[in-house]
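Asks:
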Amino acid sequence: MAILSKPDVPRFSVDVHQNAFLPEGAGEVHAVVTVTATGGGAPRDGVAAPRPPGRGGGPDAAVAIMVDCSGSMDHPPAKMRGAREATAAAIGTVRDGVRFAVIGGTHLAQEVYPGAGRLAVAGPGTREQARQALRRLTAGGGTAIGSWLRLADRLLWSQDVAIRHGILLTDGRNEHESPERLASALEHCAGRFTCDARGVGTDWEVGEVTAIASALLGTADIVADPRELAADFTAMMETAMGKGVAGVALRLWTPAGARVRFVKQVAPSVEDLTGRRREAGARTGDYPTGSWGDESRDYHVCVEVPPAGVGREMLAARVSPVVPRPDGSADGLGAQGLVRAVWTDDLAASTSIDPQVAHYTGQAELAEAVKRGLEARKAGDVDGATARLGRAVRLARLSGNADTAKLLSKVVDVIDEATGTVRLKTKVAEADEMTLETRSTKTVRVKRRPHEQ
Amino acid sequence: MTADTHRLSACPGCAEPVEPADLYCGACGLNLASAAVPEADTPTVALRTRDDAPPAAAAPGRTGARSSADGGAEPTTDGYVLQPPAPRAADPRASVAAPAAPRGADGQACVACRAGRVDGDGYCENCGHAQPRERDHMEQESGPVAAVSDRGLRHHRNEDAFALATASLPDGTPVSVAVVCDGVSSATRPDEASAAASRTAADTLREALPRGTHPQTAMHEAILAAARAVDALAGEPAGAREHAAQQNAPACTLVSAVVADGLLVVGWVGDSRAYWVPDDRSAPARLTEDDSWAAQMVAAGLMSEAQAYADERAHAITGWLGADAYELEPHTASFKPDRPGVVVVCTDGLWNYAEAAEQMAEILPADAAARPLHSARVLVGHALDGGGHDNVTVALVPFPGPGTGAGSG
């Protein structure tokens, strides 16, 4: 396997946290795999300093901003104004030399700038032209997000670049195309570019926005107040400009007879990748992770191996970040982690749980409890919602997830945090509930030893 | 040893040339005794490998460490029945895996599944099983002294270590040195501790004795030097592992014997032991006193030996080499045996299966002084037959040493 060693490509490292010891007859191996990338991409100075066009700093990149221009964006008018300002701010953050385009989205997708199926090259002139073009953005029409994504895909692939990224803003439901059309667009675009998705206001569907971000390996969030859009767009674009390598997959080798129970990203947010495996040769599969800049992500890997006798040691999984090529081969990124299984008759060794594994098991349960709790609440199941959200409150406390705890406290009255005793609030702001739902998959890393109750 | 009808000229696992006396392949660790079953007769018979014995199949013990002349590789002793090659051998790997197939020079075949090759990390790229490591089974013969160390059947690595040395006193009298160490499993990197301690102690003795240092003084110094070597490991960064408050610093036991000019000197810390077994089997004796909970209870008269050793704390050691040892007390003792014999220097992995000196004398072959390596293998085999619950290491030091009264017996 060739090793990628371009200057822009970050250096990867892999750390494995696990208790390798298993009791006799057991075969389920858990590990938290931390993948860290450093030293890649462009300097993230926030402001695009004037640089010679072309390959200033960082890899060739292309970004497409998709702005919802449906009729509802004028109600209130602050939404359209906020979207315009946010897009202008994001364009201000685009590094010189990076290709960009702005798409206005209604029931159709329209090229707002530069047009004619092209991408503009970022520079002082094109940024100003783009700002002028944004003034002409007006609200009117429906919402067909699949068509926006397909246009973004065409534009982003009109140039040969290393990194392709989209930013999508919507304020309403995907009402003017079938769910199947959106799903097929997502399927088409998956692996071709990454995309962050934002919902502004409270009339959009959390499930739709999170599904877009999930399929396209980006982030999802709510921006309830249109005035906060500019800051959010700027931050998203800065992150996109920091990416150094795209199309990274987590390659997992497992021994003959083993079964991969699951592969989940667990930090910075929970994302189950199990179903996205692409076979990559004997006993090997790739799980997509998208683009990487300077960042660190944690994955919880669970593999079931055929049990061996006490005293035996087995390699249960080999984990390595790679960039798969279309022909099936792959470029390695120079790092790998080994997940081991060692059978012992020492019960003290085999019964202890690795703190990282315990922590993220709790975090995943927390996300699940919030999701189920809100579903029950919507369905009018007060008892079910109270029980699940109460459990979520307790899990959030145990694992030190203060952000989720705070969001939960806007939906339930916490009577006893330690036992998870809560009462559903009778009046809940829609924005608060949507925020909790959108952000429920966000996790925190291990800060302290999780205690047992 | 394997001088039977099934002698191999090359390892069937990796094509490494083997010597007639080899029990295991030096490159891949394959048990040659069991692999030597004629392949043509039993083409689909499961191959058995030395470290594959599951506890259930361990019953009569492995013959691997013993002579295979007494019955050869009977199929049940080495356990781990492997799948015969799949009949549907469409997969080219399957044909490569067939025992008779020639093997290329690249990548050794896995000793567990025989279907995969070993990757750079020492695991099979097919079944993932860790391959035998060099330390899993070690043998050495040095002059009249020999030692064997084995991982045993229940531990995933060998944390024991030994070192042998020969030297001369200033007057030219030859000296035999053996050091055996047992890594403390509850500490970090016990395997490194035992390796460092045994090597350092042997080196110290080899340098001190030719200078005329009294063997007992040299032994004392050797133990202190070994302790410093183990202490030094604690200062080294051990990956990301932090120094927890508990006994996390590398630690090990040590037992050593020096035979020089009619003198037998032993030194020890911990619960590894030395036994004296005279050739005529009159009055065999244990030469060391364990630094262990049970021994202390007995010594203090608080419990009978039977009571003390039945307690679950019996084997908790009260003395060891390592940075967190409270106070190092090297024990040394000198003896002047009046007849020839053999000093058995071993870890608890052996003496758990022959605790009393009389038992040790019983299992030690009569010709141990003449064939120390063979006899060490026999002792290790005894421990493995008994269950091999711990790493097993034994060194045999004949007395008197070479050149002095060699004509005895």
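The listed protein sequences derive, respectively, from chains A and B. Residue 394 in my numbering sits at position 394 of the first sequence, with consecutive numbering throughout. Residue 146 in my numbering sits at position 146 of the second sequence, with consecutive numbering throughout. The C-beta atom is built at its ideal place from N, Cα and C for all residues, glycine as well. The model shown is predicted, which means the values in this text are computed figures rather than measured ones.
Whole-angstrom Cβ separation of residue 287(B) and residue 276(B), contact assumed at under 8 Å?
Replies: Yes, residue 287(B) and residue 276(B) are in contact; Cβ-Cβ is about 5 Å, under 8 Å.
Asks: Just verifying my parser: in three-state terms, what is the DSSP assignment at residue 307(B)?
Replies: Of the three classes helix, strand and coil, the one that applies to residue 307(B) here is helix, per DSSP.
Asks: Please confirm whether residue 220(B) and residue 330(B) have their CB atoms less than 7 Å apart.
Replies: Taking 7 Å as the Cβ cut-off, residue 220(B) and residue 330(B) qualify as a contacting pair.
Asks: Within 10 Å of its beta-carbon, does residue 352(A) have 16 or more other beta-carbons around it, so buried, or fewer, so exposed?
Replies: When all chains shown are included, residue 352(A) counts as exposed.
Asks: Thinking just about the alpha-carbon of each residue, which of 247(A), 244(A) and 80(A) is nearest to the one in residue 172(A)?
Replies: The candidate whose alpha carbon is nearest that of residue 172(A) is 80(A).
Asks: Might you give, ordered along the chain, the residues of its own chain that have their beta carbon closer than 6 Å to the beta carbon of residue 413(B), omitting 5 neighbours on each side?
Replies: The requested residue 413(B) is not part of the displayed model; chain B covers only 1 to 409.
Asks: Who are the Cβ neighbours of residue 245(B) in its own chain at under 6 Å, not counting the five residues just before and after it?
Replies: In this prediction, residue 245(B) scores a pLDDT of 35, lower than 50, which makes its location untrustworthy; the coordinate-derived value is nonetheless stated afterwards. Nothing meets the Cβ criterion.
Asks: Quick check on residue 427(A): does DSSP put it in helix, strand or coil?
Replies: Here residue 427(A) sits in coil by DSSP.
Asks: Could you give the residue range of the alpha helix (DSSP H) that holds residue 223(B)?
Replies: It spans 215-235 - the alpha helix (DSSP H) in which residue 223(B) sits, taken as one unbroken run.
Asks: Please specify which runs of the alpha helix (DSSP H), each continuous and at least 4 residues long, are wholly inside the stretch 329-366 of chain B, giving them in chain order.
Replies: Segments of the alpha helix (DSSP H) lying fully in the stretch 329-366 of chain B: 348-351 and 357-363.
Asks: Skipping 5 residues on each side, what residues in its chain have a beta carbon closer than 8 Å to that of residue 227(A)?
Replies: Correct list, in chain order: 78 and 82.
Asks: Distance, Cα to Cα, residue 344(A) vs residue 174(A)?
Replies: The alpha-carbon atoms of residue 344(A) and residue 174(A) are separated by roughly 55 Å.
Asks: Residue 140(B) by DSSP, collapsed to three states: which one?
Replies: DSSP places residue 140(B) in strand when its eight states are reduced to three.
Asks: If contact is defined by three or more beta carbon pairs under 8 Å, each pair taking one atom from either stretch, is the stretch 254-273 of chain B in contact with the stretch 361-374 of chain B?
Replies: Result no; under three Cβ-Cβ pairs closer than 8 Å.
Asks: At which residues does the alpha helix (DSSP H) containing residue 293(B) begin and terminate?
Replies: 293-299 is the span of the alpha helix (DSSP H), which, as asked, contains residue 293(B).
Asks: Quick check on DSSP: helix, strand or coil for residue 69(A)?
Replies: Coil at residue 69(A), not helix or strand.
Asks: Nearest to residue 444(A) by alpha carbon, out of 162(A), 402(A), 423(A) and 378(A)?
Replies: Answer by Cα proximity: 402(A).
Asks: For residue 163(B), is the classification buried or exposed, using 16 other Cβ atoms within 10 angstroms of its Cβ as the cut-off for buried?
Replies: It is buried - the Cβ of residue 163(B) has at least 16 other Cβ atoms within 10 Å.
Asks: What residues from the stretch 106-131 of chain B come within 9 Å of chain A, judged by C-beta to C-beta, listed N to C?
Replies: If the cut-off is 9 Å between Cβ atoms, the stretch 106-131 of chain B has 112, 113, 115, 116, 119, 121, 122, 123, 124, 125, 126, 127, 128, 129 and 130 near chain A.
Asks: Since residue 314(A) sits in a beta bridge, which residues does DSSP pair it with?
Replies: Residue 314(A) pairs with 341(A) and 129(B).
Asks: May I ask you to list the residues that DSSP assigns as paired with residue 442(A)?
Replies: In the DSSP output, where bridge partners are listed per residue, residue 442(A) has 269(A).
Asks: Rounding to the nearest angstrom, what Cα-Cα distance links residue 377(A) and residue 384(A) in this structure?
Replies: The straight-line gap from Cα to Cα measures roughly 8 Å.
Asks: Taking the beta carbon of residue 427(A) as the centre, do at least 16 other beta carbons fall within 10 Å, making it buried, or is it exposed?
Replies: Label assigned to residue 427(A): exposed.
Asks: Just mark residue 415(A) as buried or exposed, buried being the case when its beta carbon has 16 or more other beta carbons within 10 Å.
Replies: With fewer than 16 other Cβ atoms within 10 Å, it is exposed.
Asks: Going along the stretch 146-176 of chain B in order, which residues come within less than 9 Å of chain A, judged by CB to CB distance?
Replies: Those would be 151, 152, 153, 154, 155, 156 and 157, in chain order.
Asks: For residue 29(A), would you say it is in contact with chain B, using Cβ-to-Cβ distances shorter than 7 Å as the test?
Replies: Answer no: the Cβ-Cβ gap between residue 29(A) and chain B never drops below 7 Å.
Asks: Which class does residue 113(B) belong to by DSSP, given the choice of helix, strand or coil?
Replies: In this structure, residue 113(B) counts as coil in the three-state DSSP scheme.
Asks: Name the DSSP beta bridge partners of residue 38(A), please?
Replies: Partner(s): 11(A).
Asks: Report yes or no: is there a C-beta of chain B within less than 7 Å of the C-beta of residue 370(A)?
Replies: Closer than 7 Å: no.
Asks: For the candidate residues 431(A), 61(A) and 62(A), whose alpha-carbon lies nearest to that of residue 410(A)?
Replies: Ranking the options by Cα distance to residue 410(A), first place goes to 431(A).
Asks: Is DSSP giving residue 278(A) helix, strand or coil here?
Replies: Residue 278(A) falls in the strand class under three-state DSSP.
Asks: Which residues of chain B have a Cβ atom closer than 9 Å to the Cβ of residue 314(A), listed in chain order?
Replies: The contacting residues are 112, 123, 124, 127, 128, 129 and 130.
Asks: Look up residue 396(B) in the DSSP assignment and say whether it is helix, strand or coil.
Replies: Note: residue 396(B) maps to strand in three-state DSSP.
Asks: Residues of chain B with a CB under 9 Å from the CB of residue 338(A): which are they?
Replies: Those are 121 and 123, listed as they occur along chain B.
Asks: Hey, could you find the ends of the alpha helix (DSSP H) residue 367(A) is sitting in?
Replies: Counting along the chain, the alpha helix (DSSP H) containing residue 367(A) begins and ends at 355-378.
Asks: Reducing DSSP to helix, strand and coil, say where residue 401(B) ends up.
Replies: It is coil, neither helix nor strand.
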